[in-house]
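Undergrad: Protein chains in written order, with the numbering used here: chain A, 1117 to 1632; chain B, 11 to 450. Just so it is clear, CB atoms sit at the ideal spot from N, CA and C, and this is done for glycine as well. If you scroll down you'll find the structure; I have some questions about it.
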Amino acid sequence: MKPSMTRRDFMKRSSQTMIAAATIPYFLKSEQARAFAVPDPNNMTLNDVYAHFGISEGHIRDIMSEALSQGGDYCDVFFQHNIYNVIGLEDKAVNRAYTEVGLGVGIRVLKGDQTGYSFTEELTPKAMKLAAKTAAAIASEGKSMPPQALKLHETPDYYPIETPWEQVGIDEKIPFLQTINDKVFALDKRIIKSNIYFINDSSTILIATSDGRVAYDYQPMSRIYVSCTAEQDNQRESNSFDLAGRRGIGFYSPETVDRLASEAVRRTVSLFEAIKPEAGEMPVVLAAGSSGILLHEAIGHGMEADFNRKKVSIFSDKIDKPVAEKFVSIVDDGTNPYIRGSLNIDDEANDTEKTYLVENGILRSYLHDRISAQHYGVKPTGNGRRESFRHPVQPRMRNTYMENGPHTMEEIIGHVDKGLYAETFTNGEVYIGAGDFTFYVKSGALIEGGKITRPVKDVNIIGNGPEVLKNIIMVGNDMKMAEGGWTCGKNGQGVPVSMGLPTVLVSGITVGGVNA
Amino acid sequence: MKSKDRFNLAQWVMETAKKCGASEAAVSLNNRREIEIEYRDKQLDKVKESVENSLNLDIYADQKYSSHTTCDLRKETLKSFIDEAVRSTRYLSKDEFRTLPDPALYPKNLERDLKIRDSVYESVDSKKRVALTAEIESAAMKQSDKIISTTSSYVDMINHQIRMHSNGFQGEVAATLFGMGAEVTVDDGQGGRPEDYFYARTRYFSDLPSAGQIGEWAAQRALRKIGQDKIESGKYTMLVENRAGSRLIGMMRGPITARALQQKQSYLEGMLDKPVASEKLTVIDDPGLERGLGSRLFDGEGIASNYRVIIDKGVLKTYLIDNYYGRKLGMAPNSGSVSNLVFEYGDKSQEELIRDIEKGILITGFIGGNSNSTTGDFSFGIMGMLIENGAVVKPVNEMNISGNAKEFWKQLTAVGNDPYPYSSQKLPSLVFEDVNFSGL
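Listed below in structure tokens is the structure:
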């Protein structure tokens, strides 16, 4: 079951343990595949989407009338058809495939800050009305308001796709895995095992709100994940590399395939030389890119407005106060082209945007969903997200990154006499009230006398959000977004996110290691 | 859907898969009804009520394997779904180890009642659920005026599963689950808002602690974090609270699987019948515990679950061998997953173990961190209490522990008499010597 009771929000780079849990096939471009086909996303109209779900505006109005019949202030309906595919290579052969299809509608009723929620996987008028009745029960008094006439809300396209995933056959994907596998084994004789997965999914959604908005979207996602195990002098090491985004198959160019193989191998064999650093507080330089996990844990979760509405975040009383040096600006952005956390529309039909959490060192805005925006009397920021139609909306991050600062990478590393350079990560976690957060450094290096020296591996870093923000003393001009498939977990719901960072120096933070 | 209808649907799915060209198939059907409520500020915050269905189909077509899940159980769409699934499987590579388990591995007796379905389930109504959460919140809030917020919650569910394999296996499970808990945030007077939680899950409603008790425990846990800070880095004795230990046991669970062995990602390769931990550690997989959260007659592959000692006084006695990787390794499958974990318990309570510690840290929770199954390296964030001269003196946080599982488990010097009741892993308190802590 879902640990709905814990606020220990976490994030991890998805690995095969997640993939194993999954499992329809739109593998083939066959006649049969049409049974699962979605409308062509590049020419999709509202009527196509209604037809796809077998519904009409009249059905939706009926469901909403039922949902608001007990006195709810507001309701929305979220239709989703999700198709998820994985093919996997192990022991040099593409010998496994998993597919999963989700189809259903979630119905949410709000009464003030209170939420009633239900969903059904049967898109019949009877089942949908029953779910609406269940969700309606959150309200027990008040006049029932009729829903307003629906008007189509136009959306931008941050992730146009040339060939929708439904039109890509399994036979087109298999060669990618075989090519990567051949390259991995050709690159280094020490490689003894490799696991490679091609994962893609697409979600067609339709959202309608009782205040009269209807919007739809086609949301593609894909990823290739490569893990390697290598052996040298009776010592073994494993590591992995993956590239992910709201991309079509055209993204996986020969150069990208080369990089997937070479980077996975490099990251694995470099661990043979790696040591553990000394335990304790030390300066830490975070490499540009996926080090943005720092922002996700140190500030991002704490700025999700549900936690602040409930006054349980360490950032609850800090808006408009200085929290970092003037050259520190941190944003959460839903509009970055093709990036994993981007959304054309959020899951309650609000536009996404670039939201400043910290602007020139000053704490600016929480990340809002509809409930919190209403609570605070502000405009929603487009952060209302859900794992699927089976879940109610919460304020969630999208792509969280720091804007460029005044320093160069060389200056930053040169500034450190003795410290850690943290480069690749696997997971992180935060307690948002105390502000304690951690992230796990899979690989990095020691910095000694302003220079990168020995590689290090497998150390956890732990710090306190507001403290660490204050201790960011240098920010590079080389901002890079993370490229891997990050998934953020909160109250049992996982959503795809990304993050980014220029090279950053934190003056002191506790690094796991060994004591002399 | 009634049980008989589920078996009929599964039978139809299996026959359809075979007609489409599958040589073997395994079908499982799950139905789950779940109600979840959250309560705060003296009112309902969230009510979620749902019924979920899923169908899983494993296809073996001439030694090619794929697995498929859908929630759309309409026969007309299922027919195309199955046909497409079988056709796509043909594009994969042959894999001689892909086949259903040998029927000799299936359970002989499916009659045994594990007492995992509580008949009280049908009589719990929404008024009662709300009243319980209200009581939890109020009990928590009474503990101190430093409490900023308490969110209490209640969940119950009933799950029906049937499983059918084309080589003869048929099994059925009906199980209930009840959960109650609270998370509490307190004001530490210094700008921090430490939080903690208590959450109990049981198969039987009557096994839950009282609502008042849950509220009080959650609040006390959060309150004792006030003033938490890191201390100097160093080697300390570490006492791990029973409910927190699963993160540590988790470091061994991956590496003892056949998959990890076959993929050469196990630091425990070649360690069968050799010491992997101190003699204080005995770990048993006990699927037959009545009312156990992990209790079962068969696993996710239909393989019978049997009582087995995994680690006996520090010595590794068995690997966890699933059907596929077992065949790949030439080892007899014995179930690749664990059910309930029970331990050989000591004779001291947590309090008594604290009294034995001159200087050490009581770990009340882990935060983040990870471990490397290939090498045994690990590093985790911790929170807890400093122990000096046999007594708890102050709360600590923002520290890491690090080490390598090979040596670490040999540093286990004592286990408590206090199995944690609200988990399938009934861990006792664990005491380790000379653990690497990083702080200041």
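Could you tell me which of N1198(A), I1563(A), D1287(A), I1223(A) sits nearest to M1398(A), measuring between CA atoms?
TA: I1563(A)
Undergrad: DSSP three-state label for Y430(B), please.
TA: Three-state result, Y430(B): coil.
Undergrad: Can you name the residues of chain E whose CB is closer than 8 Å to the CB of D1552(A)?
TA: Protein chains A and B are contained in the structure displayed, whereas chain E is not.
Undergrad: Return no unless some Cβ of chain A is closer than 8 Å to the Cβ of P204(B).
TA: yes
Undergrad: Within the continuous beta strand (DSSP E) that includes N1163(A), where are the two ends?
TA: That residue, N1163(A), is in no beta strand (DSSP E); its alpha helix (DSSP H) goes 1162 to 1169.
Undergrad: Along the chain, where does the alpha helix (DSSP H) that runs through H1075(A) open and close?
TA: The structure shown does not extend to residue 1075(A), since chain A spans only 1117 to 1632, so no value can be given for it.
Undergrad: Please report how far the alpha carbon of G31(B) lies from the alpha carbon of N18(B), in whole angstroms.
TA: 20 Å
Undergrad: For Q1186(A) versus I1321(A), is the C-beta distance shorter than 8 Å?
TA: no
Undergrad: Using a Cβ-Cβ cut-off of 8 Å, state whether Y214(B) counts as contacting chain A.
TA: no
Undergrad: Residues bridged to Y1190(A) by DSSP?
TA: L1226(A)
Undergrad: Please confirm whether V1575(A) and V1620(A) have their CB atoms less than 8 Å apart.
TA: In this structure, V1575(A) lies away from V1620(A), with their beta-carbon atoms at least 8 Å apart.
Undergrad: Any idea if L1376(A) is buried or exposed, counting beta-carbon neighbours within 10 angstroms, 16 or more meaning buried?
TA: buried
Undergrad: Shorter than 8 Å from the beta carbon of Q1230(A) to some beta carbon of chain B?
TA: yes
Undergrad: What's the gap between the Cα of H78(B) and the Cα of D1287(A)?
TA: 18 Å
Undergrad: Cβ atoms of D387(B) and K1596(A): under 8 Å apart, would you say?
TA: no
Undergrad: Within 8 Å (strictly less), CB to CB, does P1280(A) reach chain B?
TA: So, not an interface residue.
Undergrad: Report the start-end ranges of each alpha helix (DSSP H) in the segment 1499 to 1574 of chain A that is 4 residues or longer and not cut off at the edges.
TA: 1525 to 1530
Undergrad: Distance cutoff 8 Å, beta carbons only. Does F1143(A) sit that close to anything in chain B?
TA: With a pLDDT of only 37 at F1143(A), under 50, the local geometry of the prediction cannot be trusted, and no value is derived from it.
Undergrad: Which residues of the segment 39 to 67 of chain B have a Cβ closer than 9 Å to any Cβ of chain A? Give them in chain order.
TA: E44, E46, E48, R50, D51, Q53, L54, D55, K56, V57, K58, E59, S60, V61, E62, N63, S64, N66, L67
Undergrad: Evaluate G391(B) with the Cβ neighbour count: other Cβ atoms within 10 Å of its Cβ, from every protein chain shown; 16 or more gives buried, anything less gives exposed.
TA: buried
Undergrad: K118(B) to K1426(A), Cα distance in whole Å?
TA: Each residue's alpha carbon lies about 53 Å from the other.
Undergrad: Ends of the alpha helix (DSSP H) at L1387(A)?
TA: That residue, L1387(A), is in no alpha helix (DSSP H); it is neither H nor E in DSSP.
Undergrad: Rounded to whole angstroms, what is the Cα-Cα separation between V1611(A) and D1462(A)?
TA: 12 Å
Undergrad: Are I1365(A) and V1342(A) closer than 8 Å when you measure CB to CB?
TA: Going by beta carbons, I1365(A) and V1342(A) fall outside the 8 Å limit.
Undergrad: H1491(A) lies in the alpha helix (DSSP H); which residues open and close that run?
TA: 1486 to 1492
Undergrad: Using beta carbons (cut-off 8 Å, strictly below), is T1161(A) in contact with chain B?
TA: no
Undergrad: Write down every uninterrupted run of the beta strand (DSSP E) in the segment 29 to 68 of chain B whose length is 3 residues or greater and which is fully enclosed by it, in chain order.
TA: 34 to 50
Undergrad: If you draw a straight line from the C-alpha of S347(B) to the C-alpha of V1447(A), how long is it?
TA: 43 Å
Undergrad: Nearest CA to the CA of R1339(A): which residue from E1216(A), A1331(A), G1361(A)?
TA: G1361(A)
Undergrad: What residue range does the alpha helix (DSSP H) around D1287(A) cover?
TA: 1286 to 1303
Undergrad: Using the C-alpha atoms, what's the distance from L351(B) back to Y432(B)?
TA: 12 Å
Undergrad: Q1148(A): buried (16+ other C-beta within 10 angstroms of its C-beta) or exposed?
TA: In this predicted model, Q1148(A) has a pLDDT of only 38, less than 50, meaning its place in the structure is not dependable enough to derive any value.
Undergrad: Residues in the same chain with beta-carbon distance under 8 Å from D15(B), minus the five sequence neighbours each way, listed in chain order, please.
TA: Scanning its chain for C-beta atoms nearer than 8 Å, with the 5 sequence neighbours on each side dropped, one finds no residue around D15(B).
Undergrad: Assuming contact is defined by CB atoms lying nearer than 8 Å, are Q435(B) and S256(B) in contact in what I supplied?
TA: yes
Undergrad: Kindly confirm or deny that the segment 1547 to 1566 of chain A and the segment 1495 to 1510 of chain A touch, where touching means at least three C-beta pairs closer than 8 Å.
TA: No, the segment 1547 to 1566 of chain A does not touch the segment 1495 to 1510 of chain A.
Undergrad: Using the beta-carbon count (16 or more within 10 Å), is S1481(A) buried or exposed?
TA: By the Cβ-count criterion, S1481(A) is buried, with 16 or more other Cβ atoms from all chains shown falling within 10 Å of its own Cβ.
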